[in-house]
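Colleague:
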Amino acid sequence: MQAVGMVVMEKTFKIPKPFIHVKYNPQRIPGVENQVNLNLGANCQVYAYELLRYFGKNPPMYRSSELWRDSQYTAKTKNYKILDLMLYNKTPQSYGAHVGIYVGNGNVLHLSSDIGYPVIQKHEELILQEKYSCFIGAKRVIS
């Protein structure tokens, strides 16, 4: 991070090449065979977890509700840092929540079923969409 006056600026996040053209595939859930092969597509969780692994993190292979309950491998946080997991849903429940990755400056990288490929959007824009209107919270991988 770089301080500019009283504002803290984070480095610009660039999507690594293997993650740019991944297609959304709802059958590619955590624990699926050949999970690391993103040429087969991914759901939002697999995409997020494999991106974290690319950067040396070791997220658990959990679905959204398991991830939200977990305290062994992840910790809830309100002070977002690059590579934190961000969970959204249309209801305040973590079950079925959409998972993205915080990439700095209020931006979230996520693999959206509506768009079909990875996109970076502002957190504030995501919560304006009905299906993401409930921000469940953020989790940081600690293991």
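Heads up, the sequence shown is in UniProt numbering, so the first residue is 1 and it goes up one at a time.
We put the CB at the ideal spot given by N, CA and C, even for glycine.
Predicted model only: the values in this text are computed from it and were never measured.
What number of angstroms, rounded off, separates the C-alpha of N107 from the C-alpha of E33?
Modeller: 30 Å
Colleague: Taking three-plus beta-carbon pairs below 8 Å as touching, is the stretch 21 to 39 in contact with the stretch 123 to 133?
Modeller: no
Colleague: Run through DSSP, which three-state label would R28 get?
Modeller: coil
Colleague: Just tell me which of R63, E50 and N43 has its CA closest to the CA of S94.
Modeller: Checked all of R63, E50 and N43; the closest Cα to S94 is R63.
Colleague: What is the DSSP secondary structure of F19, counted as helix, strand or coil?
Modeller: helix
Colleague: On the three-state DSSP scale, how would you describe V46?
Modeller: Helix, per DSSP.
Colleague: Given 8 Å as the limit, is there contact between the stretch 11 to 28 and the stretch 41 to 48, that is, 3 or more CB pairs closer than that?
Modeller: yes
Colleague: For Y117, which of helix, strand or coil comes out of DSSP?
Modeller: coil
Colleague: Which residue comes first and which comes last in the beta strand (DSSP E) that contains L87?
Modeller: L85 to N89
Colleague: Hey, could you find the ends of the alpha helix (DSSP H) R69 is sitting in?
Modeller: S64 to R69
Colleague: When we look at the beta-carbon of K139 and count the other beta-carbons within 10 Å, is it buried (16 or more) or exposed?
Modeller: buried
Colleague: When DSSP labels each residue in this structure, what does Y132 get in the three-state scheme?
Modeller: Three-state DSSP puts Y132 in a helix.
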